[in-house]
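Trainee:
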Amino acid sequence: MSTAVCPTMTWTSSVGSTNVVLRQRATQESPVEAPDFTVLATDNQTAGRGRLDRTWIAPAGGSLAVSVLLRPQTPSSRPLEMAAFGWYSLLAGLAMTRACASVLEVPATATLKWPNDVLVNHKKVSGILTELVITPTGPALIIGAGVNLTLTADQLPTPTSTSLTLAGVTPEQQGDLLDSVLAAYLTELRRLTAVFAAAEGDVESSGVRAQVVKACDTIGRSVRVELPSGQSPIGTATGLDSQGCLWVDLGTDAPPLVVAAGDVTHLRVLMEDAQPD
496 MSTAVCPTMT
506 WTSSVGSTNV
516 VLRQRATQES
526 PVEAPDFTVL
536 ATDNQTAGRG
546 RLDRTWIAPA
556 GGSLAVSVLL
566 RPQTPSSRPL
576 EMAAFGWYSL
586 LAGLAMTRAC
596 ASVLEVPATA
606 TLKWPNDVLV
616 NHKKVSGILT
626 ELVITPTGPA
636 LIIGAGVNLT
646 LTADQLPTPT
656 STSLTLAGVT
666 PEQQGDLLDS
676 VLAAYLTELR
686 RLTAVFAAAE
696 GDVESSGVRA
706 QVVKACDTIG
716 RSVRVELPSG
726 QSPIGTATGL
736 DSQGCLWVDL
746 GTDAPPLVVA
756 AGDVTHLRVL
766 MEDAQPD
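Per the working numbering, the sequence shown starts with residue 496, numbered consecutively.
So this is what it looks like as structure tokens:
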């Protein structure tokens with residue numbers, strides 16, 4: 496079903512990193528050979544990584560790794576302004592949130608965590624890594640996504656992780672979970688990116704900001720932000736700016752903190768988890 500959704504998809508039984516392979520293709524092949532929305536997917540990625548160069552490795556067959564090459568253009572075939580590129584991680588996160596929700600018994604438990612994680616019941620089930628690539632024909636993006644499908648509790652990488660199977664997928668999805676998630680993700684990502692490009696990266700007229708904010712569980716929560724500078728301010732996440740950066744109200748008279756990069760922890764969730772039964 497996934498190849499029907501995306502004819503430019505290649506499935507491989509094993510690969511070091513889907514992002515690395517697509518990045519090589521983007522720089523070495525023409526847009527004819529490696530067109531917009533070229534996809535590489537596997538259930539056995541042996542050298543994956545996430546944001547901040549963290550490793551992402553899972554037992555073979557228990558997860559899905561998929562990367563998509565995008566060559567963003569406006570309707571007049573001009574390269575999209577790079578100022579809009581910050582939204583693509585959020586668009587991929589939104590697409591994966593909806594893909595996960597489509598197979599869960601309780602769809603509303605799947606939410607987006609700024610900037611690039613998908614949570615189910617407040618635990619991480621998927622992460623996104625978006626990389627900018629400068630090619631001979633203009634800037635391109637490689638969007639990599641990993642999602643835990645059937646990992647058992649003892650196979651999870653961290654105590655704050657989960658898998659779709661552990662979260663509770665619908666009975667009819669048990670047999671073809673990988674293909675269902677992959678097809679739903681690619682369908683939704685293609686739709687979202689097409690609408691965004693058609694609006695020339697305008698987050699308001701495309702409806703992108705409103706959709707992301709609605710799905711984003713970070714908005715409205717008390718958060719701690721671990722900044723690249725080493726500081727860890729605490730405040731309330733209040734919204735997203737025009738480039739997808741997170742606004743955090745620090746509870747002072749100063750303007751909101753604008754976070755372009757950093758790890759965000761949902762403090763209310765930690766407090767709720769710490770409460771005795």
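Every residue, glycine too, gets a C-beta built ideally from N, C-alpha and C.
Helix, strand or coil for residue 739? Go by DSSP, reduced to three states.
Mentor: Coil, per DSSP.
Trainee: Going by Cα to Cα distance, which pick from 712, 717, 557 is closest to residue 541?
Mentor: 557
Trainee: Looking only at its chain, what residues have a beta carbon closer than 8 Å to the beta carbon of residue 746, apart from the 5 residues adjacent to it on each side?
Mentor: Result list for residue 746: 730, 731, in chain order.
Trainee: How close, in whole Å, do the beta carbons of residue 564 and residue 536 come, if the pair is a contact with beta carbons under 8 Å?
Mentor: With a Cβ gap of about 12 Å, residue 564 and residue 536 do not count as contacting.
Trainee: Fully enclosed by the region 680-768, which alpha helix (DSSP H) runs are 4 residues long or longer?
Mentor: Counting only runs of 4 or more, we get 703-710.
Trainee: I'd like the list of long-range same chain contacts for residue 520, defined as Cβ closer than 8 Å, with 5 residues on each side in sequence excluded.
Mentor: 528, 529, 533, 564
Trainee: Starting from residue 514, follow the alpha helix (DSSP H) in both directions and report where the run begins and ends.
Mentor: Unbroken alpha helix (DSSP H) run through residue 514: 513-523.
Trainee: Tell me whether the region 667-683 and the region 581-596 touch, counting them as touching only if at least three CB pairs, one residue from each stretch, are closer than 8 Å.
Mentor: yes
Trainee: Between residue 569 and residue 696, what straight-line distance do the alpha-carbon atoms span, to the nearest angstrom?
Mentor: So the alpha carbons of these two residues sit roughly 8 Å apart.
Trainee: Grab the span of the alpha helix (DSSP H) containing residue 591 for me, first residue to last.
Mentor: Per DSSP, residue 591 belongs to the alpha helix (DSSP H) from 582-596.
Trainee: Applying the 10 Å Cβ sphere with the 16-neighbour rule, what's the burial state of residue 756?
Mentor: Looking at its Cβ environment, which holds fewer than 16 other Cβ atoms inside 10 Å, residue 756 is exposed.
Trainee: Return the chain-ordered list of same chain residues with a C-beta closer than 8 Å to the C-beta of residue 713, the five sequence neighbours on each side being excluded.
Mentor: 607, 608, 609, 732, 741, 759, 761
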